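Colleague:
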Amino acid sequence: MAERLLMIDDDAPLTRMVGEYLGTRGLAVTPAHSIAEGERLLRSEAFEALILDAMLPDGDGFELCRRLREHSALPIIMLTARGEEVDRIVGLELGADDYLPKPFSPRELLARLHALLRRAHNQVQRTPSPALLRFGRLELDKGALEARLDGRLCELTAHQFALLWALATHAGRVLSREALLELARGDALEAFDRSIDVHISRIRAAIEDDPKEPRRIVTVRGAGYVFAQRQDESA
Numbered sequence: 001m002a003e004r005l006l007m008i009d010d011d012a013p014l015t016r017m018v019g020e021y022l023g024t025r026g027l028a029v030t031p032a033h034s035i036a037e038g039e040r041l042l043r044s045e046a047f048e049a050l051i052l053d054a055m056l057p058d059g060d061g062f063e064l065c066r067r068l069r070e071h072s073a074l075p076i077i078m079l080t081a082r083g084e085e086v087d088r089i090v091g092l093e094l095g096a097d098d099y100l101p102k103p104f105s106p107r108e109l110l111a112r113l114h115a116l117l118r119r120a121h122n123q124v125q126r127t128p129s130p131a132l133l134r135f136g137r138l139e140l141d142k143g144a145l146e147a148r149l150d151g152r153l154c155e156l157t158a159h160q161f162a163l164l165w166a167l168a169t170h171a172g173r174v175l176s177r178e179a180l181l182e183l184a185r186g187d188a189l190e191a192f193d194r195s196i197d198v199h200i201s202r203i204r205a206a207i208e209d210d211p212k213e214p215r216r217i218v219t220v221r222g223a224g225y226v227f228a229q230r231q232d233e234s235a
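Here the numbering used here is used: the first residue of the sequence shown is 1, the next is one more, and so on.
#1: For the candidate residues Ser44, Ala49, Ala228 and Asp11, whose alpha-carbon lies nearest to that of Val29?
#2: So, are the CB atoms of Ala54 and Phe62 less than 8 Å apart?
#3: On the three-state DSSP scale, how would you describe Phe62?
#4: Please report how far the alpha carbon of Asp193 lies from the alpha carbon of Cys154, in whole angstroms.
#5: Ala147 bridges to which residues according to DSSP?
#6: Look at the Cβ atom of Arg25, then the Cβ atom of Leu110, and state whether they are nearer than 8 Å.
#7: Tell me the DSSP bridge mates of Leu164?
#8: Between Gly143 and Ala158, what straight-line distance do the alpha-carbon atoms span, to the nearest angstrom?
#9: Given a threshold of 16 other Cβ atoms within 10 Å of its Cβ, counted over all protein chains shown, does Ala46 qualify as buried or as exposed?
#10: With 16 as the cutoff for other CB atoms within 10 Å, does Ile203 come out buried or exposed?
#11: Could you tell me if Ile217 is buried or exposed, where buried requires 16 or more neighbouring beta carbons within 10 angstroms of its beta carbon?
#12: Considering only the beta carbon of each residue, do Gly224 and Leu164 sit closer than 8 Å?
#13: Could you tell me which residues DSSP pairs with Met7 in its beta bridges?
#14: Look up Thr157 in the DSSP assignment and say whether it is helix, strand or coil.
#15: What whole-angstrom Cβ distance do Ala147 and Ile207 have, given they're in contact under 8 Å?
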């Protein structure tokens, strides 16, 4: 499956050219021509990286980058028609992962994207996790393989706890079923099978206030699952 990218840029011919070029290299580009359109897509779909123009008709790409960094680790490459050093510094200080001045070579953009995606993938696999996590009323104890909601023990198998732990330690990041299996396999004490959806359903029954309307483990259609609650939220 092609990795999905979002490109927010009001230059329609440019987004079309980039989309066609990257599409032949295994990357699927969804274009957005305004901040409003881009934010709507970010809320409703899952992407592996964002290509973001600094100047857009309805706002400032730098400001959007800053807002995204408050809750998301999505890799971001900033584009700008200006090449001043101050623009590069501002973009990077606000949380952009890379910076590319216009006009740019599609081959250079591809190389930078490959480097970003490779780093992001390695970070997901190697990020060390603490032994105890708290998300408001939900507490996860890796050492005891226990989850507690409002202090009450949730009934989970070791397999299910490993899946929950993998999601929680990457909160805010969409994980495919394959990534979940890879991340959770090392923490499970029982053999893994591929019935991820069944186990997610049982985890939801244990930790969600309303499993039919989950707020902690959210399905992202066509992409996987995301642990949507942050550690500073009280729900």
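C-beta: ideal position from N, C-alpha, C; glycine also.
Just so you know, these numbers come straight off a predicted model, no measurement behind them.
Modeller: Reading from the atomic positions:
#1: The residue you call residue 29 lines up with position 29 of the sequence shown. It is Ala49 whose Cα lies nearest to the Cα of Val29.
#2: On the sequence shown, position 54 is the one that residue 54 refers to. On the sequence shown, position 62 is the one that residue 62 refers to. Result yes, Cβ atoms of Ala54 and Phe62 sit closer than 8 Å.
#3: As a first step, residue 62 is located in the sequence shown; it is residue number 62 there, counting from the start. Judged by DSSP in its simplified three-state form, Phe62 adopts helix.
#4: Along the sequence shown, read from residue 1 onward, the residue named residue 193 stands at position 193. Along the sequence shown, read from residue 1 onward, the residue named residue 154 stands at position 154. Bear in mind that a pLDDT of 48 at Asp193, under 50, signals an unreliable position, so the number given afterwards is only what the model happens to contain. Looking at the two C-alpha atoms, the distance is approximately 22 Å.
#5: Translated into positions along the sequence shown, residue 147 becomes position 147. Answer is Leu140.
#6: Numbered from 1 along the sequence shown, position 25 holds the residue referred to as residue 25. Numbered from 1 along the sequence shown, position 110 holds the residue referred to as residue 110. Result yes, Cβ atoms of Arg25 and Leu110 sit closer than 8 Å.
#7: One-based indexing of the sequence shown puts residue 164 at position 164. Per DSSP, none; premise fails for Leu164.
#8: Working through the sequence shown from its first residue, we reach residue 143 at position 143. Working through the sequence shown from its first residue, we reach residue 158 at position 158. Rounded to whole angstroms, Gly143 to Ala158 spans 11 Å at the Cα level.
#9: As a first step, residue 46 is located in the sequence shown; it is residue number 46 there, counting from the start. Ala46 is buried by the Cβ-count criterion.
#10: What you label residue 203 is simply residue 203 of the sequence shown in a count that begins at 1. Residue burial is scored here from C-beta neighbours: Ile203 has at least 16 other C-beta atoms within 10 angstroms and is therefore classed as buried.
#11: For the purposes of this step, residue 217 is taken as residue 217 along the sequence shown, with counting starting at 1. The residue in question, Ile217, is buried, as its Cβ has 16 or more Cβ neighbours within 10 Å.
#12: Residue numbering aside, residue 224 sits at position 224 when the sequence shown is read from its first letter. Residue numbering aside, residue 164 sits at position 164 when the sequence shown is read from its first letter. No, the pair does not count as a contact, with Cβ atoms beyond the cut-off.
#13: As a working note, residue 7 is residue 7 in the sequence shown. According to DSSP, Met7 bridges with Pro31 and Ile51.
#14: Taking the sequence shown and counting its residues from 1, one reaches residue 157 at position 157. Coil at Thr157, not helix or strand.
#15: Stepping through the sequence shown from its first residue, residue 147 is reached at position 147. Stepping through the sequence shown from its first residue, residue 207 is reached at position 207. At roughly 6 Å, the Cβ-Cβ gap stays under 8 Å, so Ala147 and Ile207 are in contact.
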